[in-house]
Amino acid sequence: MSLFWRIFALNAVVLGAATALLLWAPVTVSVPVLLTEAVILVGGLAVMLVANAALLRLGLAPLDRLTKLMTTVDLLRPGQRLPASGGGGVAELIRTFNAMLERLEQERAASSARALLAQEAERRRIAQELHDEVGQSMTAILLGLKRSADDVPEPQRRELQELQEITRESLDEVRRLVRRLRPGVLDDLGLVSALTSLSEDFATHTGLLVSRRFDTDLPPLAPETELVLYRVAQESLTNVARHADAGRVTVALRRAADGVVLTVTDDGSGIEALREGAGIRGMRERALLVGGSLDITPAPRAGTRVQLTAPLARKQL
Numbered sequence: 001m002s003l004f005w006r007i008f009a010l011n012a013v014v015l016g017a018a019t020a021l022l023l024w025a026p027v028t029v030s031v032p033v034l035l036t037e038a039v040i041l042v043g044g045l046a047v048m049l050v051a052n053a054a055l056l057r058l059g060l061a062p063l064d065r066l067t068k069l070m071t072t073v074d075l076l077r078p079g080q081r082l083p084a085s086g087g088g089g090v091a092e093l094i095r096t097f098n099a100m101l102e103r104l105e106q107e108r109a110a111s112s113a114r115a116l117l118a119q120e121a122e123r124r125r126i127a128q129e130l131h132d133e134v135g136q137s138m139t140a141i142l143l144g145l146k147r148s149a150d151d152v153p154e155p156q157r158r159e160l161q162e163l164q165e166i167t168r169e170s171l172d173e174v175r176r177l178v179r180r181l182r183p184g185v186l187d188d189l190g191l192v193s194a195l196t197s198l199s200e201d202f203a204t205h206t207g208l209l210v211s212r213r214f215d216t217d218l219p220p221l222a223p224e225t226e227l228v229l230y231r232v233a234q235e236s237l238t239n240v241a242r243h244a245d246a247g248r249v250t251v252a253l254r255r256a257a258d259g260v261v262l263t264v265t266d267d268g269s270g271i272e273a274l275r276e277g278a279g280i281r282g283m284r285e286r287a288l289l290v291g292g293s294l295d296i297t298p299a300p301r302a303g304t305r306v307q308l309t310a311p312l313a314r315k316q317l
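Numbering-wise, the UniProt record's numbering puts 304 at position 304 of the sequence shown, and it's gapless, one number per residue.
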């Protein structure tokens, strides 16, 4: 029975009972109203109001839960559903809302996958151009400076050697950008070597102490999963350097029952009210790309822990 007919039926029962009492029961209303008559009238009104309030509370409770979910739902946290409680139109409304959420989550996952894959392709193209064009040009400049420095007197030689050093540092920076844009070691040597290189490079440029804990029996992963794990670790370390005010970072990769778990933990200032910017939401989108889940929580002692759980089988989008 729908909410409308339940409320209508309750009101009909109460009003019918009141009409029957007036027609067939020895109930009258005097002028002025006697105390007993006033008690009966007020009592009947109270019963009708309480019954209506109880039915409305019971019938509208699913709508209240639906309203709360509609204001807090996040498509980057899939699986938020309401049980189709209530009756009639209310249950149908909840089922329709759940079906709409399912469609929106699928469309968001598909669009995120397309955007992230396009982003990776663009990064690969830029990294290739930096390596082939800028890197080779700077290498040629470096060799030319070296040859020139060998043929000039001492004062000019010192200046050319300084230019060599500046060019060499710039070339190293270009190579570092190429590794960040497209980690070739990930394609050539695998995830563990890529995370090791990433953490060493991070420690060199930030001065933070980085420890690694990698299981030796890690299962084989799909290339998309390895890339997502690498990018989440990269973004987590970047956030540590920018915001955490930490002195030590731990990067761990362990085997789980049905996948792998990446954990990046720092001993910094921690989080009180997490504000999800573009970086964190990007990590969540990457996790959804492989059917994984991302959790950002305070570390056991101090700091922040970022944990990505990725399944072995890639989720079909």
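Positions of the beta carbon are idealized from the N, C-alpha and C atoms, including for glycine.
The structure displayed is predicted, hence computed values, not measured ones.
(request) Please classify Gly144: is it buried, with 16 or more other beta-carbons within 10 angstroms of its beta-carbon, or exposed? (result) Gly144 comes out exposed.
(message) On the CB-based measure, 16 or more other CB atoms within 10 Å of its CB, does Ala194 come out buried or exposed?
(response) Flag for Ala194 reads buried.
(request) Could you tell me which residues DSSP puts in a beta bridge with Gln307? (result) Gln307 is bridged to Thr263, Asp295.
(message) In this structure, how does DSSP classify Lys315 when only helix, strand and coil are distinguished?
(response) Summary for Lys315: the model assigns pLDDT 46, below 50, so the residue's position carries little reliability, and this model does not support an answer.
(message) According to DSSP, simplified to helix, strand and coil, what is Ala302?
(response) Reduced to three states, the DSSP call for Ala302 is coil.
(message) Short of 7 angstroms in beta carbon distance, which residues of its chain neighbour Ala233, apart from the five on each side in sequence? Order them along the chain.
(response) If the five residues before and after Ala233 are omitted, its C-beta is found closer than 7 angstroms to the C-beta atoms of Leu195, Leu198, Val251, Leu262, Val264, all from its own chain and listed in chain order.
(message) Spatial neighbours of Ala246 within its chain, please: C-beta separation below 7 angstroms, excluding the five flanking residues on both sides.
(response) Cβ within range, chain order: Leu208, Val240, Asp266, Asp267, Gly268, Gly303.
(request) Report, in whole angstroms, the separation of the C-beta atoms of Ala237 and Phe202, which I expect to be a contact under 8 angstroms. (result) Reading off the sequence, residue 237 comes out as Leu, not Ala. Indeed, because the Cβ distance is near 5 angstroms, the residues count as touching under 8 angstroms.
(message) Measuring only the C-alpha atoms, how far is Arg281 from Arg57?
(response) Going from the Cα of Arg281 to the Cα of Arg57 covers about 37 angstroms.
(message) Alpha carbons only, please: which of Met48, Lys146, Leu21, Gly43 is nearest the one belonging to Phe8?
(response) If we check each option's Cα against that of Phe8, Met48 comes out closest.
(message) With a threshold of 8 angstroms on Cβ separation, who are the neighbours of Ile166 within its own chain once the five nearest residues in sequence on each side are excluded?
(response) None.
(request) Determine, using beta carbons only, whether Arg65 and Leu82 come nearer to each other than 7 angstroms. (result) Taking 7 angstroms as the cut-off, the Cβ atoms of Arg65 and Leu82 count as close.
(message) Less than 7 angstroms between the beta carbons of Leu116 and Leu289, yes or no?
(response) Result yes, Cβ atoms of Leu116 and Leu289 sit closer than 7 angstroms.
(request) Look up Thr139 in the DSSP assignment and say whether it is helix, strand or coil. (result) Taken through DSSP and simplified to helix, strand or coil, Thr139 comes out as helix.
(request) Helix, strand or coil for Val14, going by three-state DSSP, please let me know. (result) Residue state, collapsed to three classes: helix.
(request) On the DSSP bridge assignment, give the partners of Ser211 in chain order. (result) Checking the DSSP bridge columns, you'll see Ser211 partnered with Thr250.
(request) Tell me where the alpha helix (DSSP H) around Gln80 begins and ends. (result) Segment: none, Gln80 is in no alpha helix (DSSP H) and carries neither H nor E.
(request) Assuming Leu130 contacts Leu177 (C-beta within less than 8 angstroms), just tell me the rounded distance between them. (result) Contact flag correct, Cβ pair sits at about 6 angstroms.
(request) Give the DSSP-derived three-state secondary structure of Arg182 in the structure shown. (result) Here DSSP, grouped into helix, strand and coil, assigns Arg182 to coil.
(message) Given this structure, state the Cα-to-Cα distance separating Asp74 from Trp24, to the nearest angstrom.
(response) Roughly 59 angstroms separates the two Cα atoms.
(message) What does the Cβ neighbour count give for Pro219, buried or exposed, with the cut at 16 atoms within 10 Å?
(response) Taking all protein chains shown into account, Pro219 has fewer than 16 neighbouring C-beta atoms within 10 Å of its C-beta and is therefore exposed.
(message) If I follow the unbroken alpha helix (DSSP H) through Ser269, where does it start and stop?
(response) In the DSSP assignment, Ser269 falls outside any alpha helix (DSSP H), carrying neither H nor E.
(request) May I ask which residues mark the beginning and end of the alpha helix (DSSP H) holding Pro223? (result) 223-239 is the extent of the alpha helix (DSSP H) around Pro223.
(request) Work out the CA separation of Asp132 and Ile126 for me, nearest whole Å. (result) As the crow flies, the alpha-carbon of Ile126 is around 10 angstroms from that of Asp132.
(request) Have a look at Leu221 and Phe214 and give me their C-alpha separation to the nearest angstrom. (result) When only Cα atoms are considered, Leu221 and Phe214 end up about 15 angstroms apart.
(message) Among the candidates Asp217, Arg124, Gln164, Arg147, whose CA atom is the shortest distance from the CA of Gly184?
(response) For Gly184, the closest alpha carbon among the candidates Asp217, Arg124, Gln164, Arg147 is that of Arg124.
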